[in-house]
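Residue numbers (the numbering used here): -13 to 39.
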């Protein structure tokens, strides 16, 4: 992300930066009333170690 004149960030890429690539992963949690910390831990762990089995 590139800084704006007011110091905030925007979603424009800096020169030489690549956008999302094929190797990127996305993870999200929406589980009202559930233990989201545990779900997030396992989801991020699985995302980090995908394809290494």
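Built from N, CA and C at the ideal position, the CB exists for glycine as well.
> Candidates 19, 13 and 17: which alpha carbon is nearest residue 31's?
Replying inline: 13
> Taking the alpha-carbon positions, what's the residue 11 to residue 18 distance?
Replying inline: 23 Å
> Can you list, in chain order, the stretches of the alpha helix (DSSP H) that have 4 or more residues and sit fully within the region 3 to 34?
Replying inline: 22 to 34
> For residue 15, which residues of its own chain have a beta-carbon under 7 Å away from its beta-carbon, when the five flanking residues on both sides are left out?
Replying inline: 22, 25, 26 and 29
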